[in-house]
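Novice: Got a structure for you, written out below as structure tokens; questions coming shortly.
There are 2 protein chains.
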Amino acid sequence: MSAYGELETRFRRLTALREAAGLLHWDMSTMMPAGGAAARSEQLAALDIACHGILADPAMGDLLATAEEEGADLDPWQRANLREMRRDWVHQTALGPDLVEALSKARHRCEMTWRTARPANDFAAVLPAFRELLALVREAAQAKAVALGCSPYDALLDEFEPGGTAARIDRIFDDLAAFLPGFLSRALERQATMPTPMVPPGPFPVARQEALARRLMERIGFDFDHGRLDVSLHPFCGGVPDDVRITTRYDEGDFTKALMGVLHETGHALYERGLPERWRWQPVGQACGMAVHESQSLLIEMQACRSAPFITFLAPLARAAFEGDGPAWDADNLCRLYNRVEPGLIRVDADEVTYPAHVIVRYRLEKRMIASDLDPADLPAAWNESMEALLGLRPPDDRDGCLQDIHWYDGAWGYFPTYTLGAMAAAQLFAAAVAENPDIPAALGCGDFSALVAWLRRNVHAWGAFYDSTDALLEQATGRALDPAAFRAHLERRYLA
Amino acid sequence: MSAYGELETRFRRLTALREAAGLLHWDMSTMMPAGGAAARSEQLAALDIACHGILADPAMGDLLATAEEEGADLDPWQRANLREMRRDWVHQTALGPDLVEALSKARHRCEMTWRTARPANDFAAVLPAFRELLALVREAAQAKAVALGCSPYDALLDEFEPGGTAARIDRIFDDLAAFLPGFLSRALERQATMPTPMVPPGPFPVARQEALARRLMERIGFDFDHGRLDVSLHPFCGGVPDDVRITTRYDEGDFTKALMGVLHETGHALYERGLPERWRWQPVGQACGMAVHESQSLLIEMQACRSAPFITFLAPLARAAFEGDGPAWDADNLCRLYNRVEPGLIRVDADEVTYPAHVIVRYRLEKRMIASDLDPADLPAAWNESMEALLGLRPPDDRDGCLQDIHWYDGAWGYFPTYTLGAMAAAQLFAAAVAENPDIPAALGCGDFSALVAWLRRNVHAWGAFYDSTDALLEQATGRALDPAAFRAHLERRYLA
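Taken in order, these protein sequences are the chains called A and B.
With the first letter of the first sequence counted as 1, position 10 gets the number 29 in this note's numbering; the numbers rise by one all the way through.
With the first letter of the second sequence counted as 1, position 132 gets the number 151 in this note's numbering; the numbers rise by one all the way through.
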């Protein structure tokens, strides 16, 4: 067998083991009784060790080098697959086993402390574990920077956004930070001239919310022979491409969040289902990165499902599902409700106009912490100042400030920018799809997603990780690299027109 | 680190990976959409390979030999653990990695085909996959027979019933096959002198059946912080000791089967929960074997929950749960119903008098198939003849004949005899518990299982796999090795007294 063929065999096993871990994570969030937690950590750690063992096998480096020499005999997909194999290998083997173990334990310790420190609004309680974790993350970033030949922050970013650089994101986010405050004022002014949206009165029984969500998921193209919808505290899209499992949480007093949350996760699910079947078990058959993944959920949620045509389709279905009555159920009211702009303290509750500010705050702070320009003890003050500068709001406490997100406390550094890169990519992809097929918005008004999803399948999903960056994928799909102009145009059309 | 200490580290990882596989199996039977099957097969195969890799590591043989030389420094539990490690190692390394992978995939393929072939009553549809699987099972049996120094059938049996032999089982089953027909006639004669039990009229909504089942599970000692109850086609007890997952299937026309099935699985679950915490991740901390496992479910179901005292406790609860009315709900009627003897075609529906006949049919047939004395294509005819000879009933089709059980189609050969060995051990253990604490039957009449469960915890559960055979465990718990006399005495007391 060729070195490349041997690599395919090994990576197939690796993918299968990672999927097993993914399913155990899904189970942990949806099915597992509390008493199963300690054993689950042990099971997941054993899977991590098994996965690491496949990549850390001393033969792996030679196999990669030999396969790269064979490169001329490989077709473009195989070459892209080999590129992704090396990327994975570099990330996983850049750290020595001691650092891997220390990081894993520090993450667990910090996350566990955070789980009680956040509700207790007690940053000081998590600070020692946070400081220890950050020191190890910096050490890992340093090691990966050497292996990848880039800066430490870019090395962290690369895991979530292949090929992404802080230099590029700085330019995009600086422009956005300059554009957004003025835009926000204008959007709020225009909003003030319109009727205040009414909130449909509940209660909304869970069973009815779920039935409506399932009906819409099927409309969009979710196949329940290959997936599930369940409940978890923090909604997510898990499972595997043949068996995509999305979750939501229901509030019987307000159906709107769970419904739009399900449509968001359905976007993630469509991407997973649409990945190239031929490369199902190989690195090149996986998603291109987290920015592209988020672009797929935000395209379905923000671009398609919060659009006026779709809400016009949705309104009578929602009214019927909940036996609603009165003007709160009118499409124009629901449209104003689903597109209301309101600066707030919490990222996950933010509208799409203010959301980037939440991301920029986190991105700038995490870069400073990785560069040792900001001591963890000074994070709360720096957070509050940034929020005031960018959103005009000062958090009254750390619970709704720098303690609100799990990411840093769980060791996910370099992840936050992908949310806003994804929002921009979503606008750019949707605009390109509509340019190619101008009937798409009208079809959404009939609840018909087929043309839109077919375009996404062809131009995004089916490419997996064939392209080595979000830019390269977007260039292929839309004719140009990531360009914030489409996002700004979208915001202007939706919030100022 | 000592060789023994190193082995504990490695077996801890192995146990954790096996638990991951166990949870994926549970998910497959309860949660997975049909479209996830092929990927699940791949994930489970990768886990099998990872587990096999831990045991097949060339260092493992030396570690075991060195640890065995260190034996004098080990305490009795460590020595028992080492014995179980070697047993596991011999079983797993007897097979080459290619055979392990081929078996895993063939099992999955055959089981998936069986899942549709059984309802379609189409033995021919499953025959190719069945034949392929049997050939691989025979190859594995042959390889293990060499490694263990026993016959191929005993080598398969050893995996489920450590130290068990067909020679011993033949003697027990031949005696039983001689005893049962006469006993059955007498039991049926006596039954004919009593009122025919009335079946409580339904329907019995699933939600109410489940609520009653959960209430009784908690009574017996099932802890829902450490377990779940779900629905599957084929009821089983899965999960892990900290998170035991039992399943059932509900029939809205008859609550009695699901209820007693849940109590049966609860017996399995209690065993898992009661295994020694100190040895949670080690081979010696696992169940002693499948006969002992089945003894725990049958002790709870047959010995405790079908006893007159418990049914006296159950009857008013069931009546209230289903708002039942009339004499069908009287305890003496339910007692006759739950202890009715009636030869039938289906093993899982069989009463405890005729159940052994079902097992003996399977045991004798599987021995012949492993010995190549019976071609798979001839199984349906051989099955029907055996059933006629032993129970006087000829199945009208294969759905209710040789397709009825999952075991062979899932690769579990050498498993069936453990059901009847378990039934005998259950009778022996229950008699010993009552001899030590004569108040147990009266306590069951109040729904109080605490004394019985405490006795089981102390004398069975807490020992894990410390003893090397069912006989040794029974000797410790009851003062003698497995002795069918207790089972016969139980049958005589219940069905002839």
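Glycine included, each C-beta is placed from N, C-alpha and C at the ideal position.
Are the beta-carbon atoms of Leu114/A and Ala159/A separated by less than 9 Å?
Specialist: As a first step, residue 114/A must be located in the first sequence, where it is residue number 95. As a first step, residue 159/A must be located in the first sequence, where it is residue number 140. Closer than 9 Å, so yes.
Novice: Is the stretch 211-229 of chain B in contact with the stretch 499-514 of chain A, if contact means three or more CB pairs nearer than 8 Å?
Specialist: Contact fails: fewer than three Cβ-Cβ distances are below 8 Å.
Novice: Can you tell which of Thr331/B, Leu364/B, Pro362/B, Arg359/B has its C-alpha closest to the C-alpha of Asp349/B?
Specialist: Sequence index remark: in the second sequence, residue 349/B carries index 330 (1-based). Residue Thr331/B is the option with its Cα nearest to Asp349/B.
Novice: With 16 as the cutoff for other CB atoms within 10 Å, does Gln495/A come out buried or exposed?
Specialist: Working through the first sequence from its first residue, we reach residue 495/A at position 476. Exposed is the call here.
Novice: Taking only beta carbons into account, state which residues of the stretch 247-262 of chain A come closer than 7 Å to chain B, listed in chain order.
Specialist: For the stretch 247-262 of chain A, which is checked against every Cβ of chain B, the residues closer than 7 Å are Arg247, Val259, Asp261, Asp262.
Novice: Hey, out of Thr49/A, Glu284/A, Leu66/A, whose CA is closest to Leu33/A's CA?
Specialist: Position 14 of the first sequence, counted from the start, is the residue given in the question as residue 33/A. Nearest option by C-alpha distance: Leu66/A.
Novice: Tell me, please, whether the CB atom of Arg32/B is closer than 9 Å to any CB atom in chain A?
Specialist: Indexing the second sequence from 1 puts residue 32/B at position 13. So yes, Arg32/B belongs to the interface.
Novice: Check whether chain A comes within 9 Å of Arg59/B, counting only Cβ atoms and requiring the distance to be less than that.
Specialist: Stepping through the second sequence from its first residue, residue 59/B is reached at position 40. For Arg59/B, the answer is yes, since a Cβ of chain A falls inside 9 Å of its Cβ.
Novice: So if DSSP puts Leu248/A in a beta bridge, which residue, or which two residues, is it bridged to?
Specialist: As a first step, residue 248/A is located in the first sequence; it is residue number 229 there, counting from the start. Leu248/A is bridged to Ile265/A.
Novice: Less than 8 Å between the CB atoms is what I'm expecting for Leu167/B and Ala86/B, so what's the real figure, rounded?
Specialist: The count along the second sequence starts at 1 and reaches residue 167/B at position 148. The count along the second sequence starts at 1 and reaches residue 86/B at position 67. Rounded, the Cβ-Cβ distance is 20 Å, inconsistent with contact.
Novice: As a quick exercise: from Cys465/B, Gly257/B, Val165/B, pick the residue whose alpha carbon is nearest that of Leu336/B.
Specialist: Translated into positions along the second sequence, residue 336/B becomes position 317. Considering only alpha carbons, the answer is Cys465/B.
Novice: Anything in chain B within Cβ reach of Pro52/A, meaning under 7 Å, just list it in chain order.
Specialist: To locate residue 52/A, count along the first sequence from 1; it is residue 33. Under the 7 Å cutoff, chain B gives Phe243, Asp244, His245, Gly246, Arg247, Asp262.
Novice: Suppose the cutoff is 8 Å on Cβ atoms and the five residues either side in sequence are ignored; what does the same chain contact list for Leu412/A look like?
Specialist: To locate residue 412/A, count along the first sequence from 1; it is residue 393. Within the same chain, Leu412/A has close Cβ partners Pro362, Gly363, Leu364, Met406.
Novice: Find the nearest neighbour of Phe329/A within the set Leu235/A, Gly272/A, Val250/A, Leu409/A, judged by alpha-carbon distance.
Specialist: In the first sequence, counting from the first residue as 1, residue 329/A sits at position 310. Nearest of Leu235/A, Gly272/A, Val250/A, Leu409/A to Phe329/A, Cα basis: Leu235/A.
Novice: Anyone know if the C-beta pair for Gly483/A and Trp298/A falls short of 9 Å?
Specialist: On the first sequence, residue 483/A is found 464 positions in, with the first residue counted as 1. On the first sequence, residue 298/A is found 279 positions in, with the first residue counted as 1. Cβ atoms of Gly483/A and Trp298/A: closer than 9 Å.
Novice: Does DSSP put Gly257/A in a helix, a strand or coil?
Specialist: Here the question's residue 257/A lines up with position 238 in the first sequence. The answer is strand: DSSP assigns Gly257/A an E or B state.
Novice: Give me the Cβ distance between Pro194/A and Thr184/A, rounded to the nearest whole Å; I'm assuming they're in contact under 8 Å.
Specialist: The residue given as residue 194/A occupies position 175 in the first sequence. The residue given as residue 184/A occupies position 165 in the first sequence. Checking the displayed sequence, the identity of residue 194/A turns out to be Asp instead of Pro. Actually they are not in contact, since the Cβ atoms of Asp194/A and Thr184/A sit about 16 Å apart, beyond 8 Å.
Novice: Are there three or more Cβ pairs, one per stretch, closer than 8 Å when the stretch 391-409 of chain A is compared with the stretch 468-482 of chain A?
Specialist: The stretch 391-409 of chain A is not in contact with the stretch 468-482 of chain A.
Novice: Compute the Euclidean distance between the alpha carbons of Asp458/B and Ala445/B, then round it to the nearest angstrom.
Specialist: Walking along the second sequence from the start, residue 458/B turns up at place 439. Walking along the second sequence from the start, residue 445/B turns up at place 426. Going by the C-alpha atoms only, they are around 18 Å apart.
Novice: I need the straight-line Cα distance from Val311/B to Gln447/B, nearest angstrom please.
Specialist: As a first step, residue 311/B must be located in the second sequence, where it is residue number 292. As a first step, residue 447/B must be located in the second sequence, where it is residue number 428. The alpha-carbon atoms of Val311/B and Gln447/B are separated by roughly 11 Å.
Novice: Counting only beta-carbon separations shorter than 9 Å, does Trp348/A have a partner in chain B?
Specialist: Walking along the first sequence from the start, residue 348/A turns up at place 329. For Trp348/A, the answer is no, since every Cβ of chain B falls outside 9 Å of its Cβ.
Novice: For Leu118/A and Ala154/A, what's the separation of their Cα atoms in angstroms?
Specialist: What you label residue 118/A is simply residue 99 of the first sequence in a count that begins at 1. What you label residue 154/A is simply residue 135 of the first sequence in a count that begins at 1. C-alpha separation (whole angstroms): 11 Å.
Novice: Within the chosen definition, does the stretch 365-372 of chain A reach the stretch 382-391 of chain A through at least 3 CB pairs nearer than 8 Å?
Specialist: No: the two stretches stay apart, fewer than three of their Cβ pairs being nearer than 8 Å.
Novice: Return yes when the Cβ of Arg418/A is within less than 9 Å of the Cβ of Met522/A, no when it is not.
Specialist: Examination of residue 522/A is not possible in this model, given that chain A is present from 20 through 516 alone.
Novice: Taking Gly24/B as the query, report the chain A residues whose CB atoms sit under 7 Å from its CB, ordered along the chain.
Specialist: Residue 24/B sits at position 5 when you count from the first residue of the second sequence. Those do not exist, as Gly24/B stays about 17 Å from chain A at its closest Cβ, beyond 7 Å.
Novice: According to DSSP, is Asp270/A part of a helix, a strand, or is it coil?
Specialist: Locating residue 270/A in the first sequence gives position 251, counting from the first residue. The answer is strand: DSSP assigns Asp270/A an E or B state.
Novice: Just the chain A side, please: which residues come within less than 9 Å of Glu361/B by C-beta, in chain order?
Specialist: Residue 361/B sits at position 342 when you count from the first residue of the second sequence. Simply none; closest approach about 38 Å.
Novice: When you compare the stretch 83-98 of chain B with the stretch 31-47 of chain B, are there three or more beta-carbon pairs, one atom per stretch, that lie closer than 8 Å?
Specialist: Taking 8 Å as the limit for Cβ pairs, the verdict is that the stretch 31-47 of chain B does not touch the stretch 83-98 of chain B.
Novice: So, under 8 Å CB-CB, Glu180/A and Pro436/A are touching, yes? Tell me the CB distance rounded to an integer number of Å.
Specialist: Numbered from its first residue, the first sequence carries residue 180/A at position 161. Numbered from its first residue, the first sequence carries residue 436/A at position 417. That pair is a contact at about 7 Å.
Novice: Below 9 Å between beta carbons: does that hold for Arg292/A and His480/A?
Specialist: In the first sequence, the residue the question calls residue 292/A occupies position 273. In the first sequence, the residue the question calls residue 480/A occupies position 461. Yes. Within cutoff.
Novice: Report yes or no: do three or more beta-carbon pairs, one from the stretch 121-133 of chain A and one from the stretch 425-442 of chain A, lie closer than 8 Å?
Specialist: Output reads yes: the stretch 425-442 of chain A touches the stretch 121-133 of chain A.
Novice: Are there 16 or more other CB atoms within 10 angstroms of the CB of His253/B, so buried, or fewer, so exposed?
Specialist: Your numbering for residue 253/B matches position 234 in the second sequence. Answer is exposed; the Cβ neighbour count stays below 16.
Novice: What residues from chain B crowd round Leu42/A, counting only those whose CB sits closer than 7 Å?
Specialist: Residue numbering aside, residue 42/A sits at position 23 when the first sequence is read from its first letter. Under the 7 Å cutoff, chain B gives Leu43, Asp46.
Novice: In whole angstroms, what separates the C-alpha of Glu271/B from that of Ala277/B?
Specialist: For the purposes of this step, residue 271/B is identified with residue 252 of the second sequence, where counting begins at 1. For the purposes of this step, residue 277/B is identified with residue 258 of the second sequence, where counting begins at 1. Their Cα atoms are separated by approximately 10 Å.
Novice: Please confirm whether Glu87/B has its beta-carbon closer than 9 Å to some beta-carbon of chain A.
Specialist: The residue given as residue 87/B occupies position 68 in the second sequence. So no, Glu87/B is outside the interface.
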